[in-house]
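Q:
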Amino acid sequence: MTRTTETPGPNAATASSSLTALLAANPVVPVVVVDSAQDGVNVGRALLAGGITTAEVTFRTAAGADAIRAMQEIEGLTVGAGTVINIAQVEAAVAAGAKYIVSPGFSAEVVRAAQAAGVPSLPACADASWIMAALELGIDTVKFFPASINGGVAAIKALSAAFPGLGFVPTGGVNAGNLAEYLSVDVIRACGGSWMVKQDLVAAGDWEQITRLSTAAREIAKECGR
333 MTRTTETPGP
343 NAATASSSLT
353 ALLAANPVVP
363 VVVVDSAQDG
373 VNVGRALLAG
383 GITTAEVTFR
393 TAAGADAIRA
403 MQEIEGLTVG
413 AGTVINIAQV
423 EAAVAAGAKY
433 IVSPGFSAEV
443 VRAAQAAGVP
453 SLPACADASW
463 IMAALELGID
473 TVKFFPASIN
483 GGVAAIKALS
493 AAFPGLGFVP
503 TGGVNAGNLA
513 EYLSVDVIRA
523 CGGSWMVKQD
533 LVAAGDWEQI
543 TRLSTAAREI
553 AKECGR
């Protein structure tokens, strides 16, 4: 890959500190896909009832920004934006009230735009080269995506040996069955996943099941000392 040396934005350190605190309080980050703002609100309330206090609302649907705007009004819920791949989406997410930005890959422009807005950026980096690019912009925690097909826990352990102090948030293939395995690794600051907010549950309006699955995820995290 060809790139030039980057300089961290002036708000990089503050944003990183904010993200670290958020992940410490939320070792499980639900990846939420909704088709309406009202569905987003219902999901947010169900998550809170299950002890999860954050939600990464993706821009995979046209309702993403509206859902973020509605959900950030829920007391006790911190809402971020996911699948953010360009500056326009960063601006839309921040305008809607998103408190952090998550991307499926690394984009220096997206990271800088988030930092300029004072919002933490969590870019996905699946290899050492992209991690180095992220470090140059002051990023100290990266999303590891898709985790399962990129080596999972073993890959994260190997990468962490080369990048001491770097935190990871594996997403993609993480579920209730392997959550404990991931959260037992110190450099993994949190795990992202959609198993507690599957789209069929949202479509069916099964908010009680979302709450049950969220509660179970939090219990697993507690058993891991999180």
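For the sequence shown, my numbering gives the first residue as 333, with consecutive numbering after it.
Every residue, glycine too, gets a C-beta built ideally from N, C-alpha and C.
Since this is a predicted model, take the numbers as computed values, not measurements.
Applying the 10 Å Cβ sphere with the 16-neighbour rule, what's the burial state of Pro502?
A: Within the sequence shown, numbered from 1, the residue matching residue 502 stands at position 170. Classification for Pro502: buried.
Q: Express the C-alpha separation of Val434 and Gly484 in angstroms, rounding to a whole number.
A: Here residue 484 refers to the residue found at position 152 when the sequence shown is read from its first residue. Here residue 434 refers to the residue found at position 102 when the sequence shown is read from its first residue. Computed Cα separation, rounded: 19 Å.
Q: Report back the beta-carbon spacing between Pro455 and Gly437 to the nearest angstrom; my notes put them in contact at under 8 Å.
A: As a first step, residue 455 must be located in the sequence shown, where it is residue number 123. As a first step, residue 437 must be located in the sequence shown, where it is residue number 105. At roughly 7 Å, the Cβ-Cβ gap stays under 8 Å, so Pro455 and Gly437 are in contact.
Q: How would you write the range of the alpha helix (DSSP H) that Ala413 sits in, first residue to last?
A: Position 81 of the sequence shown, counting from 1, holds the residue named residue 413. It is not in any alpha helix (DSSP H) - Ala413 instead sits in the beta strand (DSSP E) that spans Thr410 to Gly414.
Q: Using the three-state DSSP reduction, which class does Glu405 fall into: helix, strand or coil?
A: Here residue 405 is taken as the residue at index 73 of the sequence shown, counted from 1. Here Glu405 sits in coil by DSSP.
Q: Whole angstroms are fine: how far does the CA of Ser453 sit from the CA of Met528?
A: Sequence index remark: in the sequence shown, residue 528 carries index 196 (1-based). Sequence index remark: in the sequence shown, residue 453 carries index 121 (1-based). Straight-line Cα distance between these residues: approximately 23 Å.
Q: With three or more beta-carbon pairs closer than 8 Å as the criterion, would you say the stretch 417-431 touches the stretch 367-376?
A: No, the stretch 417-431 does not touch the stretch 367-376.
Q: What are the partner residues of Thr390, as DSSP defines its beta bridges?
A: Translated into positions along the sequence shown, residue 390 becomes position 58. Answer is Gly414.
Q: Given this structure, state the Cα-to-Cα distance separating Asp459 from Phe500, to the nearest angstrom.
A: Here residue 459 refers to the residue found at position 127 of the sequence shown. Here residue 500 refers to the residue found at position 168 of the sequence shown. Their Cα atoms are separated by approximately 12 Å.
Q: At the level of alpha carbons, what is the spacing between Ala466 and Ile552?
A: By one-based count along the sequence shown, residue 466 stands at place 134. By one-based count along the sequence shown, residue 552 stands at place 220. So the alpha carbons of these two residues sit roughly 30 Å apart.
Q: Using a Cβ-Cβ cut-off of 6 Å (strictly less than) and excluding sequence neighbours within five positions of Arg392, which residues of its own chain qualify?
A: Your numbering for residue 392 matches position 60 in the sequence shown. So the qualifying residues of the chain are Val365 and Thr415.
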